[in-house]
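First up is the structure itself, then whatever we jot down about it.
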Amino acid sequence: MSIPVNDSSHRASPHKWAFRDNWTVKTTTGPVVGHAETGVAAFRGIPYAEPPTGDLRFRRARPKEPWSTPLLATQSGSPCIQIRNADHGVIGSENCLWLDVVVPRDPSSRSAVDPTARRPVVVFFHGGSNAFGSAAKRLYSAQYLATALDAVVVAVNYRIGVAGGLSLSYGTPQPDLPADRFDTNTQLSDAVMAVTWIRDNAEVFGGDPHRIIAMGQSSGGGLVASLTAVPQLEKVIAGVIMLSPPLAMVHHPDLAALWANRLFDRCDNPLTVDSRTIGALSGALLQENVKNVEFGGPFAPVIDGDLLPRHPLEITPTAPGVGGKVPLLIGTVSHEYYFMRLRRVTTATQRHRAQRFAESIGPDAADVFRQMYRNGQSRTECADLFGDCLFWAPSIALAERWSPSNVWMYRLDASTPFFKALGLGATHTWDLPLLFGRYDSGIASKAFTIGGLDRIKATTAAMQRRWRDFIHDGAPGFTPYSDDRSTHIFGDDGETTVNDPRHDMREAWSSVDFANVGSK
């Protein structure tokens, strides 16, 4: 958590403070003091909005009241309140609206940042099913990524789970709880507030406010997709990167009402319970979704006609937001859901769950499951169904709707001998340690048990080079998707481009309207 620099130490040690002045950045909300990390200056745990606690629980993000005493920004803030796992229980805090800023730095300079650098600014939103995770993970520390991209990298923490992923105004609360006490899209409002704060402060960190690139992975990629449909960001976001985004995970009002009422069934007054109960309720709703095997999930942005006036997949030339109007780099990993194959349940159980999952999308998806996945006769086909309908097929749908010459599709196939021996391949979240260059974090911590590090380092270099080109030049240097549905593959043997891979599957999923899942 950011903490104030003590004024008495300032007065008592002017020489020390003179050094700190070179590391003090004056933001629109107050001064922050950075520190040196490997090759970068880091400013961690900067609050970008008022804590959403007390009367601000279930309200949209409010601008942060300015401070005058410098904040010593050396440590990331708390995760949003959440269930970590059965062993650790509830962790985190509702006071969770903060961000980390990481800036490439010349080690010979006495100053933290060069305000004249005008670097692109990459704003990263973490994943975690809108229920888990935090920007504080070591995986997202970004010092290697910022250096490789020559960009300012900002990791945003935001509300998840019950704290941010429900729009309770659509529900029917107890009579003493008026629906207008709850705002819609609180999580999305966090993201909008963060991007706006970053735009307003980009220059003091050596960034270019006109080159803000929104990037997210998994549910963070879905959040970025929703940001592309927010009208007030139309002239703010200059480019978009989505890694394995679950683009159909957007609620229509009736689905938002269903999940709001499921919360009210469990808790009469969510305004007065303590934070740990909010975290526990998130876990309870997640378990209900696991039991029912429903596609929409409990936590998602909602098309409210206000902050989010349309589904991110519904792109037209006149649609509000930046959707279809700015460069888009989008892709998946080749074996998104193969970790499902390792779960200790029978193939029959997996088949039943896959069938229910497809049926929850709609009859067209159920037909695709029967015809293209043989009704899930094998564990692999069940895993393919989940990975394709959650990540790959909606990504294809968005690429088809985006401005044709302004979208690039990729796929990560490269893996390690250990993952291949487990039958995982390039599975979900595998792209993160490669892109961020953190082989000691996340899924990569066990990936190199029997070798393969040199090959993956080469893949990292290739990915970071393509990302850098996209961020600086607006194009990654390979063929756009519009040319024969070109897809750039990062494979075990290097890079290659394939036209319309898995075209039979693409055509099968084209019958499914992912923009209207869960609507009546």
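Note that my numbering has the sequence shown beginning at 2, numbered continuously upward.
Even glycine gets a Cβ: it sits at the ideal position worked out from N, Cα and C.
In this structure residue 141 is in contact with residue 437, their Cβ atoms being roughly 7 Å apart against a cut-off of 8 Å. Annotation: the segment 171-229 contains the following complete segments of the alpha helix (DSSP H) (minimum length 4 residues), in chain order: 187-202, 220-228. Counting only residues of its own chain and dropping the five nearest sequence neighbours on each side, residue 221 has a CB closer than 7 Å to the CB of 126, 127, 128. If you look at residue 471, you'll find it in the alpha helix (DSSP H) that goes 454-474. Sequence-distant partners of residue 118 (beyond 5 residues in either direction) whose C-beta falls short of 6 Å from its own C-beta, in its chain, are 207. Contact check for residue 40 against residue 106 passes: the beta carbons are separated by less than 8 Å. Fully contained in the segment 92-156 are the following alpha helix (DSSP H) runs of length 4 or more, in chain order: 144-150. Closest by C-alpha distance to residue 379, out of 459, 168, 269, 353, is 353.
Looking at the backbone, the Cα of residue 514 and that of residue 313 are separated by about 13 Å. For residue 64, the closest alpha carbon among the candidates 137, 74, 53 is that of 53.
Spatial neighbours of residue 111 in its own chain (CB-CB distance under 7 Å, excluding positions within 5 residues in sequence) are listed in chain order as 23.
Judged by DSSP secondary structure, residue 504 falls within the alpha helix (DSSP H) whose first and last residues are 504-510. Residues of the same chain with a CB within less than 7 Å of the CB of residue 309, apart from the 5 flanking positions on each side, are 186, 189, 227, 230, 231, 302, 303 in chain order. Here residue 405 carries a helix assignment [DSSP, helix/strand/coil]. Residue environment for residue 257: buried (at least 16 other C-beta atoms within 10 angstroms of its C-beta). Per DSSP, the continuous alpha helix (DSSP H) segment holding residue 369 begins and ends at 364-373. When 136, 120, 335 are compared, the shortest CA-CA separation from residue 45 is found for 136. Boundaries of the beta strand (DSSP E) around residue 45: 41-48. Around the C-beta of residue 451, fewer than 16 other C-beta atoms lie within 10 Å, and the residue is accordingly described as exposed. Cβ atoms of residue 420 and residue 448 come within 8 Å of each other, at about 6 Å.
DSSP places residue 268 outside both helix and strand once states are collapsed to three, so it counts as coil.
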